[in-house]
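**Q**
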Amino acid sequence: RANPDPTRTTTATEPLTHEAINNLIAQRVAVAIAEYETQRNSVVNGDTSNTTGTGARTVRPTQECTYKDYLNCGLLKFNGT
């Protein structure tokens, strides 16, 4: 029989049993949980670089803000409530 869609390939395999499908699912879940735990542990242990290659985030120093500085910010004036 000719393949109606040449971009799809099919192979003749035996059908998977219910047990085989459950084993495949269990393997994939185990791998996903292991990856999740690895990522979670790296954040808990202080690796907060987000693995983007940019390194640790820089923390901006706090600046003193006096009442006069606050008033000089040019706050918006609202009419009403």
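Positions in the sequence shown are counted from 1; adding 34 to them yields the working numbering. From the three backbone atoms N, C-alpha and C, an ideal C-beta is built for every residue, glycine too.
1) Distance, Cα to Cα, residue 59 vs residue 72?
2) Determine the extent of the alpha helix (DSSP H) in which residue 111 is found, giving its start and end residues.
3) With H, G and I counted as helix, E and B as strand and the rest as coil, what does DSSP make of residue 62?
4) Using a Cβ-Cβ cut-off of 8 Å (strictly less than) and excluding sequence neighbours within five positions of residue 52, which residues of its own chain qualify?
**A** Short version:
1) It is roughly 20 Å from the alpha-carbon of residue 59 to the alpha-carbon of residue 72.
2) It is not in any alpha helix (DSSP H) - residue 111 carries neither H nor E in the DSSP assignment.
3) helix
4) none
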